[in-house]
Ligand code: TYD
Ligand code: MG
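In the numbering used here, the protein residues as written are 56 to 521.
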């Protein structure tokens, strides 16, 4: 029996393969997400020949014997890294760009991915690493206009305006740059598959071929991926598995700073963030994020409290704002920005039950300043303090920092790495840190910082407001 090409239906949401079309993907439950794609025929050994040749050897048909050195015999040291000099970028990657790696840069349209990567290209070009910028989204002239604003070595970067993968790869093979930038994976297509650019099959295949190119030639490949509404990179999780490193570029579209976050990194730690400020000339690294986030703090308004979060290995001070206001008709509103709304509901219930603060007739708005997402439980204490401050309409001292997790019983629990948080508070000129009584470090962690241990939230409110 000759192997015949079979066709598969791939879910555009989760990437699952189905043999039959259906209205709903039974893997992820998405509706109308299956798209037909022609699969490459697998040259499977027919069962008859397998029997004839016998077990293992037939399965190895077409392969050749490879070397298997003992690990101690493997030569080479940890490879060099190329520094771009954009400090925050190098930092998030784990100390620079690893030659031959593939890096996915995801983010919403308009967030600044093209700008960031063109700046990276410019820096690399200046450092003598030839760079090819392949754009399927913009013409070479549009990229040139951006390069004019960025300056530096940007005008020296070689450009290619192309959407066909084969042409991009052939050009890259001939130009032989050290770094290839593909902007974006969703505009790329291969002639080998039928689907339109941007569908999961195309995105996966193009990414896999680019990855192979990176490994075979030692070229570092950056790939831009647009993020869909759901927050995944379109053509989604499957793409993240292919590449070595995944960086997300994020930030509030109305604010002028951006966060670069590593969510996967085969060559460094994850969850580090890099902070940039946008300007006419492109992105500028911000060395001290706390300064940026604390910069616009108002004087003595009620409802504001500061916490010290750990973003990867770096402690960062963040302001939390709460506003509790008399509700109009119907169910009072609960609106949280940068904070989990279920967590907010939980804290409101704890404040009601354990500290007698009732929010049932009040609208509650909570905002984590600077477009930051507060996900660590260590931020609970600041959220509770901000809520109480708003309801009492009493301002919290400007130079106080709150770190602690709030339990259902209203108890304050210690958090990890409290010394580093206290040290950052001290660096930023804060004078008091409120934290769990059980978590007060033995020796003073930050110079000139007073540590106030609290047992419960009512204990905290007593210390703060009476
Ligand atoms: P762009 O890099 O095109 O975003 P993306 O590739 O993610 O869609 O940036 C969007 C717009 O913002 C573009 O018009 C340029 C502008 N911009 C600046 O002026 N300065 C900056 O520092 C950045 C990042 C963007
Ligand atoms: Mg772009």
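We treat Cβ as the ideally placed atom computed from N, Cα and C, and that holds for glycine.
Quick check on residue i: does DSSP put it in helix, strand or coil?
| i | result |
| --- | --- |
| residue 394 | coil |
| residue 418 | strand |
| residue 222 | helix |
| residue 141 | coil |
| residue 119 | coil |
| residue 451 | coil |
| residue 158 | strand |
| residue 490 | strand |
| residue 481 | helix |
| residue 508 | strand |
| residue 166 | coil |
| residue 275 | strand |
| residue 147 | helix |
| residue 513 | helix |
| residue 70 | coil |
| residue 181 | helix |
| residue 423 | strand |
| residue 519 | helix |
| residue 434 | helix |
| residue 79 | strand |
| residue 468 | strand |
| residue 442 | helix |
| residue 538 | Because the chain spans 56 through 521 in this model, residue 538 falls outside it and cannot be assessed. |
| residue 62 | strand |
| residue 458 | strand |
| residue 294 | helix |
Is residue i near residue j, with beta carbons less than 8 Å apart?
| i | j | result |
| --- | --- | --- |
| residue 376 | residue 419 | no |
| residue 306 | residue 426 | yes |
| residue 335 | residue 367 | no |
| residue 278 | residue 237 | yes |
| residue 274 | residue 261 | no |
| residue 465 | residue 511 | yes |
| residue 479 | residue 363 | yes |
| residue 167 | residue 316 | no |
| residue 444 | residue 437 | no |
| residue 146 | residue 329 | yes |
| residue 399 | residue 389 | yes |
| residue 484 | residue 454 | yes |
| residue 349 | residue 374 | yes |
| residue 294 | residue 321 | no |
| residue 338 | residue 139 | no |
| residue 196 | residue 223 | no |
| residue 254 | residue 90 | yes |
| residue 491 | residue 441 | no |
| residue 127 | residue 151 | no |
| residue 402 | residue 461 | yes |
| residue 88 | residue 68 | yes |
| residue 234 | residue 176 | yes |
| residue 188 | residue 153 | no |
| residue 371 | residue 344 | yes |
| residue 266 | residue 240 | no |
| residue 179 | residue 198 | no |
| residue 487 | residue 473 | no |
| residue 160 | residue 268 | no |
| residue 412 | residue 391 | no |
| residue 65 | residue 256 | yes |
Hey, would you say the C-beta of residue i is under 7 Å away from at least one heavy atom of the ligand MG?
| i | result |
| --- | --- |
| residue 513 | no |
| residue 9 | The chain is shown from 56 up to 521; residue 9 falls before or after that span and cannot be answered. |
| residue 217 | no |
| residue 192 | yes |
| residue 238 | yes |
Within 7 Å: the Cβ of residue i and any heavy atom of the ligand MN?
| i | result |
| --- | --- |
| residue 423 | This structure lacks the ligand MN; the ligands present are the ligand TYD and the ligand MG. |
Would you verify that the beta carbon of residue i is, or is not, closer than 8 Å to some beta carbon of chain B?
| i | result |
| --- | --- |
| residue 281 | Judged by its chain identifiers, the structure shown contains no chain B, having just a single protein chain. |
Query - Around the ligand TYD, Cβ to any heavy atom closer than 5 Å, ordered along the chain - result: That gives 164, 165, 166, 167, 168, 169, 170, 333, 337 and 338.
Report task. Would you list, in sequence order, the uninterrupted beta strand (DSSP E) runs of no fewer than 3 residues that lie entirely inside the segment 349-406? Result -> Assignment of beta strand (DSSP E) within the segment 349-406, counting only whole runs of 3 or more residues, yields 359-366, 369-381 and 389-392 in chain order.
Report task. Any chance you could list the beta strand (DSSP E) runs of at least 3 consecutive residues sitting entirely within the segment 296-359, in chain order? Result -> Scanning the segment 296-359 for uninterrupted beta strand (DSSP E) segments of 3 residues or longer gives 300-305, 312-320, 328-334 and 337-340, listed from N- to C-terminal end.
Requested in this report: Write down every uninterrupted run of the alpha helix (DSSP H) in the segment 189-265 whose length is 4 residues or greater and which is fully enclosed by it, in chain order.
Outcome: Assignment of alpha helix (DSSP H) within the segment 189-265, counting only whole runs of 4 or more residues, yields 195-205 and 220-230 in chain order.
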